[in-house]
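Q: Just dropping this structure here.
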Amino acid sequence: MISLKFSAGALAIASAFLASGAAFAQSALVKIDGSSTVFPVTEAVAEDFQKAKKNAIKVTVGISGTGGGFKKFCRGEIDISNASRPILKGEIEECKKNGVEFVELPVAFDALTVVINPKNTFAMTMTVADLKKMWEPAAQGKITNWNQINPAFPNAPLKLFGAGSDSGTFDYFTEAIVGKAKSSRGDFTASEDDNVLVQGVSRDVNAIGYFGFSYYVENKDKLKSVAIIEKAGKPAVAPSPETVLDGTYQPLARPIFIYISTKAMAKPEVREFAEYYLAHGEKLSKEVKYVPLPSKYYKMGLDRLKAAQKGTVFGGHADVGVKMDELFSRKLVN
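Just so we're aligned, residue 547 is where the sequence shown starts under my numbering, counting upward by one.
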């Protein structure tokens, strides 16, 4: 009987231990959502981080788009928001309303890439004016053939694929090309999932679309990139790490970010992940074909993180043509 009572007691203790262990395992979770453009970088960091922690900390990464990610972030549903543009004024106000404060961390640069089908031999170079004519709201239902963009182009149907309205890529592209964020024709195939856009353009000879550089590089066998002429008299410039770094790929080069909730930073697993991101972001962003920031900026980001310096340097709007040295030289505003 004594032995049996001891066993029952031991079993109770073991059960309690296992339960507490399970609770700890459940709490050691980092929740991330947002931009599909930033996803490849964050996913690469998450995979390495989980291996380094021997899976003691789990990291989940969703792709609901920059806008979709900020909605969850400002409701306190996730710890970190991936963003392919800076947080906007309305999103800042929503976060304030819910008591969510954040640290803004640039993690790499992207070359937003216009892509065509590999069999397209006529639109390998386009001007910003061409793209505006193609994508502006006034084009809806009217600009439906390629030769309406340029008389030298064939009389063939224009099939458009682009980012969905919750995507930061949509916001940035429309700001850079049309001149106003979210100002776009609506009669195109839209998705926050860039893989859907890749498939669409790769399967239609008359298609054109746009998304982050990494997705283009991963699908070079299915797609062709378009060289962009920013203004009359300027040369056509193709997207590449080199043209992003030297500032010649304009106006579609842009910084990409993670935003970390200061409340979430109180959790050791979130802080450890963020520090790991900045320590390894340079190497991993390059591995997934983005343009890493110079080393000093990851160090400055780490200093910002450790000091919990809250706010954004962008004032609630997405600037076009931001240079790398502006990411930390501007004043943070809450």
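Idealized CB from N, CA, C, for every residue including glycine.
Small disclaimer: the values here were computed from a predicted structure and weren't measured.
Considering only residues of the same chain and omitting the five flanking positions on each side of Pro787, which have a CB-CB separation below 7 Å?
A: Hits under 7 Å: Val837.
Q: Does DSSP put Lys869 in a helix, a strand or coil?
A: Of the three classes helix, strand and coil, the one that applies to Lys869 here is coil, per DSSP.
Q: Nearest-angstrom Cα distance between Gly612 and Pro697?
A: Checking the sequence, you will find Thr at residue 612 rather than Gly. Using only the alpha carbons, I get a separation of about 37 Å.
Q: Between the beta-carbon of Ile802 and the beta-carbon of Asp594, is there less than 8 Å?
A: Taking 8 Å as the Cβ cut-off, Ile802 and Asp594 do not qualify as a contacting pair.
Q: Classify Phe716 as buried or exposed, calling it buried when 16 or more other Cβ atoms lie within 10 Å of its own Cβ.
A: The residue in question, Phe716, is buried, as its Cβ has 16 or more Cβ neighbours within 10 Å.
Q: Which residue from Ala784, Ala812, Val816, Ser711 puts its Cα closest to that of Ile804?
A: The option with the nearest alpha carbon to Ile804 is Val816.
Q: How many Å lie between Phe927 and Ser748 at the Cα?
A: Absent from the structure is residue 927, since the part of the chain shown begins at 547 and ends at 880.
Q: Inspect the beta-carbon positions of Phe819 and Met846 and report whether they are closer than 8 Å.
A: Not in contact: Phe819 and Met846 (Cβ atoms no closer than 8 Å).
Q: Measuring from the CB of Val646, is there a heavy atom of the ligand PLP at a distance below 7 Å?
A: Of ligands this structure carries none, so the ligand PLP is not represented either.
Q: Alpha carbon to alpha carbon, how far is Ile633 from Arg850? Give it in angstroms, no decimals.
A: Answer to the nearest angstrom: the Cα atoms are 17 Å apart.
Q: Distance check for Ala799 and Val790, CA to CA, integer angstroms please.
A: Approximately 6 Å between the Cα atoms of the pair.
Q: Identify, in the order they occur along the chain, each residue of the same chain with its Cβ nearer than 8 Å to the Cβ of Tyr765, setting aside the five sequence neighbours on each side.
A: In the sequence as displayed, the identity of residue 765 is Asn instead of Tyr. Once the five neighbours on either side are set aside, the close Cβ partners of Asn765 are Val744, Ser748.
Q: Measuring alpha carbon to alpha carbon, tell me which residue in His863, Lys600, Gly687 is nearest Ile638.
A: The candidate whose alpha carbon is nearest that of Ile638 is His863.
Q: Who pairs with Ala753 in a beta bridge, going by DSSP?
A: Answer is Lys705.
Q: May I ask you to report which of helix, strand or coil DSSP gives Gly725?
A: Coil at Gly725, not helix or strand.
Q: Alpha carbon to alpha carbon, what distance is there between Ala812 and Gly746?
A: So the two alpha carbons sit approximately 43 Å from each other.
Q: Under 8 Å between the Cβ atoms of Thr720 and Ser729?
A: Yes, they are a contact pair.
Q: To the nearest angstrom, how far is the alpha carbon of Met672 from that of Lys835?
A: C-alpha separation (whole angstroms): 23 Å.
Q: To which residues of the same chain is Val591 closer than 7 Å at the C-beta, ignoring the five residues directly before and after it?
A: Tyr822, Tyr823, His826, Gly827, Leu830.
Q: For Glu647, I'd like the list of residues in its chain whose CB is within less than 6 Å of its CB, leaving aside the five on either flank, ordered along the chain.
A: Result list for Glu647: Thr808, Lys856, in chain order.
Q: Is the beta carbon of Ala709 closer than 8 Å to that of Glu682?
A: The answer is no: Cβ separation not under 8 Å.
Q: Go to Arg631, then tell me how far its beta strand (DSSP E) extends in each direction, as first and last residue.
A: Where Arg631 is concerned, there is no enclosing beta strand (DSSP E), given that its DSSP letter is neither H nor E.
Q: Tell me whether Val576 sits in a helix, a strand or coil according to DSSP, three-state version.
A: Reduced to three states, the DSSP call for Val576 is strand.
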